[in-house]
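Participant: Numbering (this note's numbering), first residue to last: 24 to 969. Have a look at this one before I ask anything.
Written out as structure tokens, the structure reads:
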């Protein structure tokens, strides 16, 4: 009996265990399925309905129901009519290059009656509307908005706009009619304003523009012609003039029914002076300038602007409080591909046709490819064979649908509101200079704020920024930043980046400030257009981590990377000769012989003539650089040109410990002294020694033009700030690694890489080794302040650092295999040598601040000794006087990069800090321009802590 009971109980246990196991496995299955489904819901791949439309589009084009219409400067699309007559008797419709009569019925019915046909007709309309366009906007709200602390109330009745004006905040108040017959025309939202072609209308200086009023020109599908349009509105002016901009050429202006006569000599300054007192206006009809880059324009009054995007800028003043009815007569603008315009210009100048050359046009889903040789000014054609244009439907087989996370609202930084309840940047955050970092809010496409997402728990992320540091960084810039001639705004820009450089938090961005600040009240269209087409002019250019031009040249600050590349090479290769040079045990003559440094002889033809017979190191003042064919093309020296170099390689010979280098009072010349003195000969020589042979074709012995992936200098730079991250390493957007290449939109949140240009392909004949030598001293290099701050943070910690905006606790452990690597990688038996190299580097940076001859000693001379002894730095100066935007007194990109290793008990600074300062278009060198900025920031921390 007992045995039976035991068996029954045992059986129950087994059954219950099996059930529990099944339930557990089932739960795991549902959990895994839910996780997979959630991933699928986040990123869904679905067959596109538009893919089905592609077959229908091809069918209609082949049947002649859709056709291209071309004149001498433009392309439009025509299609068979879908009116009542066509619906009743489709066989009577004439198809271009298609079958007539009953055979054509199926094409008309497919175009006019099917759902696919309806979508295709809409795309045809979008195509035509986007190439023939008329639009107007104005900033009538600016006068009251700039006087109010709240900015301007938006049309939704809830939100206000002060920092920037989002779309639909200020609805357009213009009415439009066809000039010929007075028929009203409705605004259309499907027409696309080409931001590339109309970038010259975007304003970085004016505020509070409302939405564009975009209308559909009535286009004759047989001829492609469109008439003029009349726009009217009523507005009351205040103390400021109103700016009106149009897409299309304004042919006449009337105020209260009377024609407005405009003196072409009147400019904006005169109108501004008349504002609020009398009527005065200026007008400029502009055309896109095909000879220059995007965003440039020329006046096109008196020219034939046909085929070139046109726009008009009107600046109007009236007596304060006067209400006016204003009427504009506007000729539509014809947006034509820039390649076609250049072709037509060349044809008019007698250039021959190039057989087979095509131009591609496209808006929306339709793409048109036309033979350029088929265009002739004044001639028109219809149909594919007559026009030489092929039509295609552009759509992938599958569409990827990204489901965006809910935008952040109510974001705070240490109790300070950063984003308000609408997701917009707060006024206080703007005043702290966070507009350059975060953008103007979650509605600012492409900004960091728009890229931020909530954590998996649904909470707002934290940020690593310290408000007090941010405030002091901005104040240090403002105290030392001026524009030429006391202008309010100028091309000169200043940036200061502060990173944590200690322990597990190394790389955290503590402050990131830039000047000038974004102008308040810019419209979203202006911001997006400048960001997309002329990033360097964008009010949110994010110069602290993005490079656009020569302003991103770090100059001698990059010599830190060159020194580290040389040190790592010695550790890897056992190169004893280079080791002795770096450690200061080689003589100046030995350095000259290793790097090929020579003396120069006088030259009257501007060319460098090295004198290899001279053996006095004090006279060995040039590094001869061979060109593509081995002829000497340049002599690198310790000044900007090969003529008049001021000193030989012996200029780095100093008395050891007294100069801040080594442990003895014996003469030495090494890495430490070269950093302190910022020797071009030393670091250009290193670059040539390490990598010059890789730029030569082994068969010919001459320079090749191909990319080079194994340059030691370039690989070292990529360790600090790579061009891209492994996509598999980007697992959590909430981590917001500023190197994340998966940021959406225009990528303002994507940092520019640290690039050595010598590894990039070059045009034939360009002296590539000159690029390499320049790269060794930071000239043919592209770097941002954030990148250089990352370099110095890595030097401070002895490990590779990555910049982060979200604290470690929220982003989790690093998934970057390079982050946390030793700065110099060495086997145990060579670790002592690696430590010696790092000491040489750091001692040189200390001597820059504290020792006679240091390139930033004067800026820190009066700083309290305990603070001065904690600072390690490197200056940098790069010439940018050839840049188109450079002011007359802004010849340089001036840098100071480094770190603070606080002594025990140093007031106000309780952690290691890395810094990078850059003043672009500065009139002075790095130590003079950036030294006071960094000094004032550190002094502010120090004095607060006393």
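A virtual CB, placed ideally from N, CA and C, is assigned to each residue, including glycine.
#1: Could you tell me whether the region 184–198 touches the region 220–238, using the rule of 3 or more Cβ pairs below 8 Å?
#2: Could you give the C-beta distance for residue 521 and residue 534, rounded to a whole number, given that I count them as a contact under 8 Å?
#3: Thinking C-alpha only, which one of 651, 461, 499, 509 is nearest residue 488?
#4: Whole alpha helix (DSSP H) runs in the region 581–622 with 4 or more residues, listed along the chain?
#5: Between the region 78–96 and the region 140–157, do three or more beta carbon pairs fall short of 8 Å?
#6: Among the residues of its own chain, which have a CB less than 6 Å from the CB of residue 392, if the five just before and after it don't count?
#7: Judging by CA-CA distance, which residue of 306, 781, 703, 189 is the nearest neighbour of residue 727?
#8: Applying the 10 Å Cβ sphere with the 16-neighbour rule, what's the burial state of residue 115?
#9: Leaving aside the five residues before and after residue 585 along the sequence, list all residues of the same chain whose C-beta is less than 7 Å from its C-beta, in chain order.
#10: Kindly give me the distance between the Cβ atoms of residue 605 and residue 693, rounded to whole angstroms, as I take these residues to be in contact under 8 Å.
#11: Give me the DSSP bridge partner(s) of residue 647.
#12: Would you kindly work out how many angstroms separate the C-alpha atoms of residue 228 and residue 542, rounded to a whole number?
#13: Run through the region 794–880 for me and flag every whole alpha helix (DSSP H) of 4 or more residues, listed as ranges in chain order.
#14: DSSP three-state call for residue 548: helix, strand or coil?
#15: How big is the Cα-Cα spacing for residue 878 and residue 868?
#16: Decide if residue 531 is buried, meaning its Cβ has at least 16 other Cβ atoms within 10 Å, or exposed.
#17: Within the same chain, show all residues whose beta-carbon is closer than 6 Å to that of residue 410, passing over the 5 residues directly before and after it, in chain order.
#18: Can you tell me the Cβ-Cβ gap for residue 549 and residue 225, rounded? I've got them flagged as a contact below 8 Å.
#19: Could you name the residues of the same chain whose beta carbon sits closer than 8 Å to that of residue 690, not counting the 5 residues immediately before and after it, in chain order?
#20: Please go through the region 208–279 and give each complete beta strand (DSSP E) segment of 3 or more residues, from N-terminal end onward.
#21: Please return the same chain residues whose Cβ sits closer than 8 Å to the Cβ of residue 741, not counting the five positions on each side in sequence.
#22: Tell me which residues share the same chain as residue 947 and place their Cβ nearer than 6 Å to its Cβ, disregarding the 5 neighbours each side in the sequence.
#23: In whole angstroms, give me the CA-to-CA distance for residue 333 and residue 159.
#24: For residue 527 and residue 937, what's the separation of their Cα atoms in angstroms?
#25: Between residue 901 and residue 578, how many whole angstroms is the CB-CB distance? I'm expecting something under 8 Å.
#26: Just the Cα atoms here: how many angstroms apart are residue 150 and residue 130?
#27: If you draw a straight line from the alpha carbon of residue 176 to that of residue 291, how long is it in whole angstroms?
#28: What do you reckon, are the CB atoms on residue 845 and residue 822 nearer than 8 Å?
#29: In whole angstroms, what separates the C-alpha of residue 250 from that of residue 202?
#30: For residue 623, count neighbouring C-beta atoms within 10 Å of its own C-beta (all shown protein chains included) and say buried if the count is 16 or more, exposed if not.
#31: Using beta-carbon positions only, say whether residue 230 and residue 178 come within less than 8 Å of one another.
#32: Out of curiosity, what's the CA-to-CA distance linking residue 338 and residue 260?
#33: Taking DSSP's pairing of strands, which residues face residue 940 in a bridge?
#34: Could you spell out where the alpha helix (DSSP H) holding residue 503 opens and where it closes?
#35: Relative to the alpha-carbon of residue 925, which residue among 293, 465, 961 has its alpha-carbon at the smallest distance?
#36: Assign residue 574 to one of two classes, buried (16 or more other C-beta atoms within 10 Å of its C-beta) or exposed (fewer than that).
Facilitator: In short, the structure shows the following:
#1: Cβ pair count under 8 Å is three or more, so yes.
#2: Counted from its first residue, the chain shown places residue 521 at position 498. Counted from its first residue, the chain shown places residue 534 at position 511. Right, the Cβ-Cβ distance comes to about 4 Å (below 8 Å), so this counts as a contact.
#3: As a first step, residue 488 must be located in the chain shown, where it is residue number 465. Comparing Cα positions, the closest option is 461.
#4: Those alpha helix (DSSP H) runs which fall completely within the region 581–622 and span 4+ residues are 582–596, 599–606, 611–618.
#5: Yes, they touch.
#6: Indexing the chain shown from 1 puts residue 392 at position 369. Contacts found: 381, 383, 413.
#7: Locating residue 727 in the chain shown gives position 704, counting from the first residue. Closest by alpha carbon: 781.
#8: For this step, residue 115 is matched to residue 92 along the chain shown. That one is exposed.
#9: As a position in the chain shown, residue 585 is number 562, starting the count at 1. Once the five neighbours on either side are set aside, the close Cβ partners of residue 585 are 706, 709, 710, 736, 799.
#10: Residue mapping note: residue 605 aligns to position 582 of the chain shown, counting from 1. Residue mapping note: residue 693 aligns to position 670 of the chain shown, counting from 1. By a beta-carbon distance limit of 8 Å, residue 605 contacts residue 693. Their separation comes to about 6 Å.
#11: Mapped onto the chain shown, residue 647 falls at position 624. Residue 647 is bridged to 658.
#12: Within the chain shown, numbered from 1, the residue matching residue 228 stands at position 205. Within the chain shown, numbered from 1, the residue matching residue 542 stands at position 519. Distance from the CA atom of residue 228 to the CA atom of residue 542, rounded to whole angstroms, is 7 Å.
#13: Counting only runs of 4 or more, we get 808–820, 831–834, 854–873.
#14: For the purposes of this step, residue 548 is taken as the residue at position 525 of the chain shown. The three-state secondary structure of residue 548, taken from DSSP, is helix.
#15: Along the chain shown, read from residue 1 onward, the residue named residue 878 stands at position 855. Along the chain shown, read from residue 1 onward, the residue named residue 868 stands at position 845. Whole-angstrom Cα-Cα distance: 10 Å.
#16: Translated into the one-based positions of the chain shown, residue 531 becomes position 508. Under the 10 Å beta carbon count, residue 531 is surrounded by 16 or more other beta carbons and is classified as buried.
#17: Translated into the one-based positions of the chain shown, residue 410 becomes position 387. In its chain, beyond the 5 residues on either side, 91, 93, 404 have a beta carbon closer than 6 Å to the beta carbon of residue 410.
#18: Locating residue 549 in the chain shown gives position 526, where the first residue counts as 1. Locating residue 225 in the chain shown gives position 202, where the first residue counts as 1. Contact between residue 549 and residue 225 holds, with the beta-carbon distance rounding to 5 Å and staying under 8 Å.
#19: Counting from 1 along the chain shown, the entry for residue 690 is found at position 667. Closer than 8 Å at the Cβ level, and outside the excluded window around residue 690, lie 676, 677, 678, 679.
#20: If only uninterrupted beta strand (DSSP E) runs of at least 3 residues are considered, those enclosed by the region 208–279 are 236–238, 252–259, 265–270, 272–278.
#21: Translated into positions along the chain shown, residue 741 becomes position 718. Around residue 741: 776, 777.
#22: As a working note, residue 947 is residue 924 in the chain shown. So no residue of the chain qualifies.
#23: Numbered from its first residue, the chain shown carries residue 333 at position 310. Numbered from its first residue, the chain shown carries residue 159 at position 136. Distance between the alpha carbons of residue 333 and residue 159 is about 12 Å.
#24: On the chain shown, residue 527 is found 504 positions in, with the first residue counted as 1. On the chain shown, residue 937 is found 914 positions in, with the first residue counted as 1. Each residue's Cα considered, the two are about 14 Å apart.
#25: Taking the chain shown and counting its residues from 1, the one referred to as residue 901 is at position 878. Taking the chain shown and counting its residues from 1, the one referred to as residue 578 is at position 555. The pair is a contact, with the Cβ atoms about 4 Å apart (cut-off 8 Å).
#26: Counting from one through the chain shown, the residue named residue 150 turns up at place 127. Counting from one through the chain shown, the residue named residue 130 turns up at place 107. Looking at the two C-alpha atoms, the distance is approximately 21 Å.
#27: If you number the chain shown from 1, residue 176 lands on position 153. If you number the chain shown from 1, residue 291 lands on position 268. So the alpha carbons of these two residues sit roughly 28 Å apart.
#28: On the chain shown, position 822 is the one that residue 845 refers to. On the chain shown, position 799 is the one that residue 822 refers to. Result yes, Cβ atoms of residue 845 and residue 822 sit closer than 8 Å.
#29: Translated into positions along the chain shown, residue 250 becomes position 227. Translated into positions along the chain shown, residue 202 becomes position 179. The straight-line gap from Cα to Cα measures roughly 8 Å.
#30: As a first step, residue 623 is located in the chain shown; it is residue number 600 there, counting from the start. It is buried - the Cβ of residue 623 has at least 16 other Cβ atoms within 10 Å.
#31: Mapped onto the chain shown, residue 230 falls at position 207. Mapped onto the chain shown, residue 178 falls at position 155. One thing to note: residue 230 has its Cβ no nearer than 8 Å to the Cβ of residue 178.
#32: For this step, residue 338 is matched to residue 315 along the chain shown. For this step, residue 260 is matched to residue 237 along the chain shown. In a straight line, the C-alpha of residue 338 is about 12 Å away from that of residue 260.
#33: What you label residue 940 is simply residue 917 of the chain shown in a count that begins at 1. In the DSSP assignment, the residues bridged to residue 940 are 519, 919.
#34: One-based indexing of the chain shown puts residue 503 at position 480. Counting along the chain, residue 503 sits inside the alpha helix (DSSP H) bounded by residues 490–503.
#35: To locate residue 925, count along the chain shown from 1; it is residue 902. Comparing Cα-Cα distances from residue 925 to each of 293, 465, 961, the minimum goes to 961.
#36: Locating residue 574 in the chain shown gives position 551, where the first residue counts as 1. Its Cβ being crowded by 16 or more others within 10 Å, residue 574 is buried.
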